[in-house]
Amino acid sequence: MSHKQTPYSPNFPQSRGYSPTPDHNKSESFPLNPQGGYPGPPPSGPPLPPGAQPLPGLQPGFQPGFQPGFQPGFQPGFQPGYPHPQPGYPQPQQGYGPPQPGYPQPGYGPVVQQPGPQVPPGGWMTIPQGLSNCPPGLEYLSMIDQLLVHQKVELLEAFVGFETNNKYTIKNNIGQKVYYAIEDNDCCTRNCCGPMRPFDMKIMDNFNNEVIHLNRPLACESCCCPCWLQSMEVTSPPGTVIGSIEQTWSICKPCFVIKNAVGDVVLRIKGPVCTFSICGEVEFHVYSADGENKVGKITKQWSGLAREAFTDSDYFGISFPMDLDVKIKAVLLGACFLIDFMFFEKSGNNESDRPGML
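And the structure:
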């Protein structure tokens, strides 16, 4: 008995979006071994090119080429779960172009604030560049016309009266550190000679390089000894003399001359009759070589009753012309230290201020 072979009829429900079962009465027949991968519903986007197959798991409404699992509007290459663009960022363009400027890149969060200019560590002044015929380390002085000198308070000296090496911080007029200075002396000399002691002082930059060296020999500071008055030699770099400070004989007012490396008088300094710091600021005016024109000053500033009464930690201000030779500016800085030791340094917490040069 012969049986008529029935062609294969896929029984797919129309509710799932499949076409009705074809009519078996038509002459068209189906192969016995159907091919896998029946096409799903037609995509909503543009048709695929001839021979192209849709990606597995492609959901309706996606454009060809997008990977499954991505939300509409994201560009290819972004990882799943990447957060939506933050407010204020432009939306990416549709297609395969590069991300818009400002749009966060994959793996990076949005940039909240651009980094500003870096401040030198510790608040130090930036060294000027491109200066010639200037000793190394004195480039800082070419850009300033004022210096502030702050002496560090030593607790042992304040409470016990035991003299210690003086330490200073030197700043510009906006508070940036330029140098720091350290007295180099032995214990016996400090406590036996007091303010008249000889000393060496090292002035260092922020790289811990000694840029200026001061040497004060032992001498007298009274008007009774006109042949053995105070002086200080300034070298920069250490070993190369750039100038000196010498006290001139006077009775009423302290007077000094500033000399260059060859011994010529460049500036003169004249102090007040009264150097008592309790009266407020004490000013030592700086004049030209002829003593007629005032070009700057060295000021001992009032630092408060407690600081003045119990310590010899002082505040000084130095002003000079901007176009003054940097070597002479360094010598004026040395003159500030010499004036501090002569008139404002205490010995055993005992005040040594006096009128004039008596």
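For the sequence shown, the positions run 622 to 979 when this note's numbering is used.
Every residue, glycine too, gets a C-beta built ideally from N, C-alpha and C.
These numbers were taken from a predicted model, which means no experiment stands behind them.
Taking the beta strand (DSSP E) that residue i belongs to, which residues open and close that run?
i    : result
R811 : From DSSP, R811 is part of no beta strand (DSSP E) but of the alpha helix (DSSP H) over C808 to C814.
P877 : What sits at residue 877 in the sequence shown is Phe, not Pro. Run containing F877: C876 to N881, per the beta strand (DSSP E) assignment.
K792 : K788 to K792
G864 : V862 to T869
Just mark residue i as buried or exposed, buried being the case when its beta carbon has 16 or more other beta carbons within 10 Å.
i    : result
L839 : exposed
Q750 : exposed
G917 : buried
K948 : buried
F897 : exposed
E902 : exposed
D807 : exposed
D826 : buried
D885 : exposed
Would you tell me roughly how many angstroms separate the C-alpha atoms of residue i and residue j, rounded to the nearest one?
i    : j    : result
P756 : V855 : 13 Å
F905 : N829 : 30 Å
S753 : C895 : 42 Å
S940 : C848 : 30 Å
I890 : C876 : 6 Å
F958 : G758 : 19 Å
D911 : F962 : 27 Å
T747 : I803 : 21 Å
Y908 : N812 : 35 Å
M853 : G955 : 8 Å
L953 : W745 : 21 Å
Y801 : E913 : 33 Å
S763 : F964 : 29 Å
Y729 : H834 : Note that Y729 scores 49 on pLDDT, short of 50, meaning its location in the model is unreliable; the coordinates nonetheless yield the value given after this. For Y729 and H834, the distance between alpha carbons rounds to 53 Å.
K915 : G938 : 16 Å
Compute every distance between the C-beta of residue i and the non-hydrogen atoms of the ligand NAD, then say whether any falls below 7 Å.
i    : result
L752 : What this structure holds is no ligand at all, so the ligand NAD is not there to describe.
Considering only their Cβ atoms, is the gap separating residue j from residue i smaller than 8 Å?
i    : j    : result
P791 : V774 : Reading the sequence as shown, one finds Ile at residue 791 and not Pro. Not in contact: I791 and V774 (Cβ atoms no closer than 8 Å).
Q772 : N794 : no
V567 : S857 : Nothing can be reported for residue 567: it is not among the residues displayed for the chain, which extend from 622 to 979.
L888 : Q868 : no
I863 : A882 : yes
So, is the C-beta of residue i closer than 8 Å to a C-beta in chain D?
i    : result
P858 : Within the model displayed, chain D is absent; a lone protein chain is all it includes.
Where do the ends of the alpha helix (DSSP H) carrying residue i lie?
i    : result
G758 : Careful: G758 lies outside any alpha helix (DSSP H) and carries neither H nor E.
F820 : Note, F820: premise wrong, no alpha helix (DSSP H); beta strand (DSSP E) at F820 to M825.
Practice task
Check whether the segment 939 to 947 touches the segment 809 to 827, taking contact to mean three or more Cβ pairs, one atom from each stretch, closer than 8 Å.
Solution key: Between the segment 939 to 947 and the segment 809 to 827 there are fewer than three C-beta pairs closer than 8 Å, too few to call the two in contact.
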